[in-house]
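What follows is a single structure, written as structure tokens, with notes after it.
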Amino acid sequence: MSFSLETRDLTIRFGGHVAVDAVSCAFRPGTLTAIVGPNGAGKTTYFNLISGQLKASSGRVFVGGDDITSLPAPERTKRGLGRAFQLTNLFPNLSVMENIRLAIQARRGMGLNLWSIWSNHRALIAEAEAILERIALTARRDAPAASLPHGDQRKLEVGILIALEPTVFMFDEPTAGMSVDEVPVILDLIREIKRDMTKTILLVEHKMDVVRELSDRIIVLHNGKLAADGEPAEVIASPVVQQAYLGMAAEDEEEAEAAR
Ligand SMILES: Nc1ncnc2c1ncn2[C@@H]1O[C@H](COP(=O)(O)OP(=O)(O)OP(=O)(O)O)[C@@H](O)[C@H]1O
Ligand SMILES: [Mg+2]
1 MSFSLETRDL TIRFGGHVAV DAVSCAFRPG TLTAIVGPNG AGKTTYFNLI SGQLKASSGR
61 VFVGGDDITS LPAPERTKRG LGRAFQLTNL FPNLSVMENI RLAIQARRGM GLNLWSIWSN
121 HRALIAEAEA ILERIALTAR RDAPAASLPH GDQRKLEVGI LIALEPTVFM FDEPTAGMSV
181 DEVPVILDLI REIKRDMTKT ILLVEHKMDV VRELSDRIIV LHNGKLAADG EPAEVIASPV
241 VQQAYLGMAA EDEEEAEAAR
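Counting from 1, position 86 in the sequence shown corresponds to residue 86 in the UniProt record's numbering; the numbering is continuous, with no gaps.
Structural data, given as structure tokens:
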């Protein structure tokens, strides 16, 4: 058994609505699993249950074999669950460099101990600089996070996630709202994390070309239930995905229509 993350019968009800319905799924290190499904299928809610932003109505979450169902979100982060939020991980008034540096310090558990900060200062700065290079933000190192354009803020958020060195990376539509030239930077970062071969990556993504290229496995959520799980080619060809995907394509059409 070498599952880094597992959910067993994970369920949440909002009133009468079951948003995530008895989802049992296990994830291995070195695997990128794409989570697809139509809007409202429960993908983000599934992430919220794993990272601890929401409390399950029933079912369990395991990390490295340990039951973490009752742990609050910060404790889950310490156990290696890394989630990129919609920019809420950023300290807006601190510089790009300081945001990364604080994430490294948080991971090392250095807190605000002045001696440990001082003695490790050089190593800390070098590590932060290496991450700035990876996220292509070296030129903006002294800019306050809040002053960055949206795409750069998303890159910084991935940088903070990398600095925390989680064992499980969760990306929820990481390229949503990004301009065409910014998308490849984010995808490259995900590819690089994947190349490591030791990380477990969960990626919620609507763009099927991205899913096809990056994933080792695809799971489909539909009405909160696990509707398909398998090799990308096989899952993409399945009726449930064809239906959900065509559903999305129709929606894109509507959006395009509305924008005209
Ligand atoms: N806090 C909440 N309270 C009540 N209902 C909620 C809450 N969070 C999510 N839901 C409901 O749960 C269902 C699943 O929502 P979720 O955001 O997980 O879908 P999703 O698959 O991420 O969709 P999208 O592709 O649009 O991001 C929806 O019907 C949503 O309205
Ligand atoms: Mg969502």
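We put the beta carbon where it would ideally sit given N, CA and C, even for glycine.
**Prompt:** Based on Cα-Cα distance, which residue from Arg60, Ala73 and Gln53 lies nearest to residue 268?
**Reply:** Since the displayed the chain opens at 1 and closes at 260, residue 268 lies outside it and no answer follows.
**Prompt:** From this set, Ala237, Leu221 and Ser238, which residue's C-alpha is nearest Ser24's C-alpha?
**Reply:** Position 24 of the sequence shown, counted from the first residue, corresponds to residue 24. Among Ala237, Leu221 and Ser238, the Cα nearest to that of Ser24 is on Leu221.
**Asked** Three or more C-beta pairs closer than 8 Å, one from the segment 94-109 and one from the segment 138-158: is that the case here?
**Response** The answer is yes - the segment 138-158 touches the segment 94-109, with three or more Cβ pairs under 8 Å.
**Prompt:** Does the beta-carbon of Thr45 have 16 or more other beta-carbons within 10 angstroms, so that it is buried, or is it exposed?
**Reply:** Position 45 of the sequence shown holds residue 45. By the neighbour-count criterion, in which a residue is buried when 16 or more other Cβ atoms sit within 10 angstroms of its Cβ, Thr45 is buried.
**Prompt:** Whole alpha helix (DSSP H) runs in the segment 28-68 with 4 or more residues, listed along the chain?
**Reply:** The segment 28-68 contains these whole alpha helix (DSSP H) runs: 43-51.
**Request:** Would you identify the three-state DSSP class for Gly230, choosing helix, strand or coil?
**Result:** Residue 230 sits at position 230 when you count from the first residue of the sequence shown. Gly230 falls in the strand class under three-state DSSP.
**Item:** Local Cβ density within 10 Å of Gln242, reported as buried at 16 or more and exposed below that
**Value:** Taking the sequence shown and counting its residues from 1, one reaches residue 242 at position 242. Classification for Gln242: exposed.
**Asked** Within 7 Å: the Cβ of Asn120 and any heavy atom of ligand 1?
**Response** Taking the sequence shown and counting its residues from 1, the one referred to as residue 120 is at position 120. Flag unset: Cβ of Asn120 not near ligand 1.
**Prompt:** Buried or exposed: Val180, going by 16 or more other Cβ atoms within 10 Å of its Cβ?
**Reply:** Translated into the one-based positions of the sequence shown, residue 180 becomes position 180. The residue in question, Val180, is exposed, as its Cβ has fewer than 16 Cβ neighbours within 10 Å.
**Request:** State buried or exposed for residue 279, treating a residue as buried only when at least 16 other CB atoms are found within 10 Å of its CB.
**Result:** With the chain represented from 1 up to 260, any question about residue 279 goes unanswered, as that position is not in the structure.
**Request:** Within the same chain, show all residues whose beta-carbon is closer than 8 Å to that of Thr31, passing over the 5 residues directly before and after it, in chain order.
**Result:** Reading the sequence shown from its first residue, position 31 is the one you call residue 31. If the five residues before and after Thr31 are omitted, its C-beta is found closer than 8 Å to the C-beta atoms of Thr200, Ile201, Asp216 and Arg217, all from its own chain and listed in chain order.
**Asked** Taking C-alpha atoms, which residue in Ala41, Arg140, Arg107 and Ile100 lies nearest to Ala126?
**Response** In the sequence shown, the residue the question calls residue 126 occupies position 126. Per the Cα distances, Ile100.
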